[in-house]
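To start, the structure under review is shown below, and the notes come after it.
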Amino acid sequence: MINSVVLVGRVGQDPEMKYFESGKVKTAFSVAVNRWTKEGDKTDWFNIELWDKSAEIAGEYVKKGRLVAIEGRLDVSTWTDNEGNKRERYFVRGSNLRLLGGKGESSFVNE
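Using our numbering, the letters of the sequence shown map in sequence onto residues 30 to 140.
Rendered as structure tokens:
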């Protein structure tokens with residue numbers, strides 16, 4: 030089976046960085062991807078998580094509105110909330126980040 034996601038879209042907000050005692054780094058942000066339907070343009074929002082080198086690059090260069098390409102896999106986080114309800118959050122765990130649309134250049138970061 031294959032679990033592969035490729036997205037090209039604009040960043041919805043500046044990345045949120047988180048540093049762990051283990052030395053690992055995580056960043057999270059959302060990406061808006063436009064799609065066309067018979068009813069007109071629609072925007073889908075995807076939550077993205079990057080780790081380590083990719084996270085550091087994103088923290089430095091990715092800003093709200095930046096055009097990016099993300100390759101990765103669909104992942105799910107599950108937990109039980111305070112009322113005892115099982116909750117799920119789907120997100121893309123990025124493995125490759127490409128910065129697009131910057132002065133005719135693009136940069137590729139492979140985790």
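Every residue gets a Cβ at the ideal spot worked out from N, C-alpha and C, and that includes glycine.
Rounded C-alpha distance that separates residue i from residue j
i: residue 125; j: residue 82; result: 10 Å
i: residue 97; j: residue 84; result: 13 Å
i: residue 91; j: residue 105; result: 24 Å
i: residue 76; j: residue 67; result: 26 Å
i: residue 88; j: residue 112; result: 35 Å
i: residue 100; j: residue 32; result: 11 Å
i: residue 73; j: residue 80; result: 23 Å
i: residue 130; j: residue 40; result: 12 Å
i: residue 52; j: residue 120; result: 23 Å
Beta-bridge partners of residue i, as assigned by DSSP
i: residue 46; result: 56
i: residue 41; result: Residue 41 is not bridged to any residue.
i: residue 32; result: In the DSSP output, where bridge partners are listed per residue, residue 32 has none listed.
Cβ separation of residue i and residue j, assumed to be a contact under 8 Å, to the nearest whole Å
i: residue 36; j: residue 62; result: 5 Å
i: residue 122; j: residue 102; result: 6 Å
Own chain partners of residue i with C-beta closer than 6 Å, once the 5 adjacent residues on each side are dropped
i: residue 57; result: 45 and 78
i: residue 49; result: none
i: residue 71; result: 64
i: residue 38; result: 60, 61 and 62
i: residue 47; result: 55
i: residue 107; result: 117
Residues near residue i in its chain [Cβ-Cβ closer than 7 Å; skip 5 each side]
i: residue 30; result: none
Close Cβ partners of residue i (< 8 Å) along its chain, the five nearest in sequence each way excluded
i: residue 109; result: 115 and 116
i: residue 3; result: Missing from the structure shown is residue 3; the chain here goes from 30 to 140 and no further.
C-beta neighbour in chain B for residue i, strict 8 Å
i: residue 74; result: Of the protein chains in this structure there is only one, and it is not chain B.
Jot down the residue ranges of each uninterrupted alpha helix (DSSP H) in the segment 72 to 133, minimum 4 residues, whole runs only, in chain order. Uninterrupted alpha helix (DSSP H) stretches at least 4 residues long and entirely within the segment 72 to 133 occur at 81 to 90, given in chain order.
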